[in-house]
Each structure stands twice: as structure tokens, then as C-alpha cells.
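There are 2 protein chains.
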Amino acid sequence: MSAPFQDVTDAELAVLDVLWKHEDEHAQDQAPGVTIREICQVLYPRGKASEYATVQKLLDRLEAKGCVERRRQSPAHVFFSALSRDELIGRRLNSVAKKVCGGSLTPLLTHLVQNQELTSEERAALRSMLDQFDATKKTRRKGKKK
Amino acid sequence: MSAPFQDVTDAELAVLDVLWKHEDEHAQDQAPGVTIREICQVLYPRGKASEYATVQKLLDRLEAKGCVERRRQSPAHVFFSALSRDELIGRRLNSVAKKVCGGSLTPLLTHLVQNQELTSEERAALRSMLDQFDATKKTRRKGKKK
DNA sequence: CTGCTCTCAGACAATTCGTCTGAACTCCGG
DNA sequence: CCGGAGTTCAGACGAATTGTCTGAGAGCAG
């Protein structure tokens, strides 16, 4: 059964972040999975033995939430993200919109733009994206006219 | 002592939403406060007696978080929001940025724009805001040049 | 067979959250 | 003065969440 939106906890996010960074480093090719031991070494560099089980538990929960994919192989299982950073951003933004603004994303966008922390380069990039969408919409509309 | 950022729960948000709507309705003048009884009537139209205490507890917690202001008056205390809807949006967006994107708000903005759920009107409004900021930055720069 | 690594499965404590109970206070009408 | 209604004050409660931890068992290399 498809579970409703589920967020991830801070500790789970730390684990996901390790997977995302690993996959970014292998963007050119197929990233190999990451083992529990490898995640431990990143998150708890000087960790105790029990932290292995902590990461294990966190991965179990992430898998149950559909955010992580497990591949059983010897000698150790390997893990991949099944939810990208951008997908999580989207989920969380939608959640904020739904709960605080009646579902509308516009107030979020307005807030971000008016926050004035954008550099002029960022604003230029944003304009370029807007132009692209306008062009896309126009082309689609023309296509449909037939 | 100033507490770190604290989010509000869904039930607390429902209470805040009542205050925000009430204050929006009185945007032209000083909004009178809202009583617990009034909040109950909105949130639990056909409620049991215990729901009075639920709203009370939620207001206590919101007050402790600094999100609500209480004014003691007779016959009942009245409440005002001390955190606007837009401020909550900002807090939540910053929280997402901090936890998921290393603090940068740009991926959030990019996500919203590329989400393609913006109407052409919204995109036009966004461009207009960007133009205004560019103009503001230019004016500030000119002024500084002396 | 032993030791190491890993899997599997659960327990645990602290915290959060929404709900609820009950004592006490205030005010007002009779 | 008393009773009733409404409200405040203060806490308890159960369920769920969350990060941590324990322990049995499996697999493998030496």
C-alpha cells in the first residue's frame, strides 16, 4: 500500500545525506551502493560499536518509508537513495504550503524572492528559467491548436 | 532567554490560523483579541467540554514558544498572534534550507520555479519583483558611489 | 573451532503531542 | 450569602516517535 507523505527525521536525513553525497561523487557512472560500515565511518568517525546498530535501525526505517533501497549482497548489504534531495525539498515545500498557506506555493515563492538574499546572478538565473517556461508554454499551446 | 527556533504542531497551527484569520478581518483597525471560547467555536463547532482545555493547553504551549501573546482581562483572557503567517513560512523555509541544502535557499527557489505549477500571471508577478530588487540594488549602489 | 563482521529483531528511555480531569477563582443573578 | 456558569491553573495520561542499545544467529576466513 502506498504510504502517505512521510518526512524523515534529522538522524535519518544525516544518513540520506551520506548516500546523496556518495551518489554525487559518482554522477558520471553508476554509483556503487554504500554499506552500513561506510555510513558509520562518515557519521561517527570515532564511534562506539552500538552506533553500527543505530545506523542499521535508521536504514531500516528509511527503507520502510521508501526513501532508501537495499540490495542484498555479500559480504554486506548496500544501500542507495530512493528519494533525491530535490524530491525531499519538494515534499517539504508542499507540506509547508499545504499546512500554512492552504496549499498554495505562491506565498513561499514570494517569501523567498522578497527575502533579498538573492545575488544578482541568482536573479538573472531565475529570470532565465521564467523565460524558458514562458517559451515552453507558448510552444505547447501552439502545438495543441491543430 | 531567547529560545531557538521552534516549530508549531499541526494542532497549534490550527489555533494560530484562527488568530490570523481574525486579525485579517480586522486589518483596517486594531483587532480585538480572541478568547478561548471563540477559538473552540471555530475549531470544534460541536465540541465536548474537554476541548476547551485542549485549546487552553495549545495556547499555553504557543505562548511558551513566543508565538502567541496573552492579554489578561475580564471576564476572559484574549489572545493575539505574535508570529505572522509569513514569519512562520520564513522559519520553515529556513529550516528546510538548513537541514537539506546546507543553508542555501536557492535550491528551494529553483525547485519552486521549476515545479511548473506557476501560472503566467504568477511568473509575471515574480519578474516584476525581480525587477524591483534590481532597481533597488542599483539605486543603493549609485547612492554609495559618491 | 574461533573470531570478526553483519543481519535480524526487538527493548528502552526520553520526549512530544493531543486529550482529559479536577481544584480553584471570578462574576453575576437570585 | 449561595449556587451556577464560565474560566484559569496545573497537571496526568496514553500513544507515538526517536535515537540508542542489547543480544541471538548467520556467514566467512583463518
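From first to last, the protein sequence lines stand for chains A and B. Here the first sequence is numbered in my numbering, starting from 759 and rising by one per residue. Here the second sequence is numbered in my numbering, starting from 759 and rising by one per residue. No residue lacks a Cβ here, since even glycine has one placed at the ideal position from N, Cα and C.
From what residue to what residue does the beta strand (DSSP E) around V826/A run?
V826 to R829
Between the C-alpha atoms of G861/A and E783/A, what's the straight-line distance to the nearest angstrom?
35 Å
Residues of chain A with CB under 8 Å from S878/B, in chain order?
D892 and K895
Between the stretch 864–882 of chain A and the stretch 844–857 of chain B, can you find at least three pairs of beta-carbon atoms closer than 8 Å?
yes
Does P803/B have its Cβ less than 8 Å from a Cβ in chain A?
no
Determine whether the Cβ of G861/A lies closer than 8 Å to any Cβ atom of chain B.
It does not; no Cβ of chain B falls within 8 Å.
Please list, in chain order, the residues of the stretch 820–853 of chain A that have any C-beta partner in chain B closer than 8 Å.
Legend: CB atoms of the stretch 820–853 of chain A lying less than 8 Å from CB atoms of chain B belong to residues R843, D844, L846, I847, G848, R850 and L851.
Best match in S886/A, M887/A, A893/A and R881/A for proximity to D892/B [C-alpha to C-alpha]:
R881/A
Within the same chain, show all residues whose beta-carbon is closer than 6 Å to that of L816/B, passing over the 5 residues directly before and after it, in chain order.
Residues of the same chain with a CB within less than 6 Å of the CB of L816/B, apart from the 5 flanking positions on each side, are A769, E770 and V773 in chain order.
Cβ-based burial, R804/B [other Cβ within 10 Å; buried from 16]
So R804/B ends up on the exposed side.
Does the Cβ-Cβ distance between L777/A and F838/A come in under 8 Å?
yes
In chain order, what residues of the same chain lie with their CB nearer than 7 Å to the CB of K904/A, ignoring the 5 residues before and after it?
Only weak support is given to the placement of K904/A: the predicted model assigns it a pLDDT of 39, under 50, and the value that follows is read from those uncertain coordinates. Nothing listed; no residue qualifies.
How many angstroms separate the CA atom of V854/B from the CA atom of P833/B?
Roughly 42 Å separates the two Cα atoms.
Simplified DSSP state of G878/A, which is helix, strand or coil:
Looking at the sequence provided, one finds Ser at residue 878/A rather than Gly. Of the three classes helix, strand and coil, the one that applies to S878/A here is helix, per DSSP.
Tell me which residue opens and which closes the alpha helix (DSSP H) that S808/A is part of.
S808 to A822
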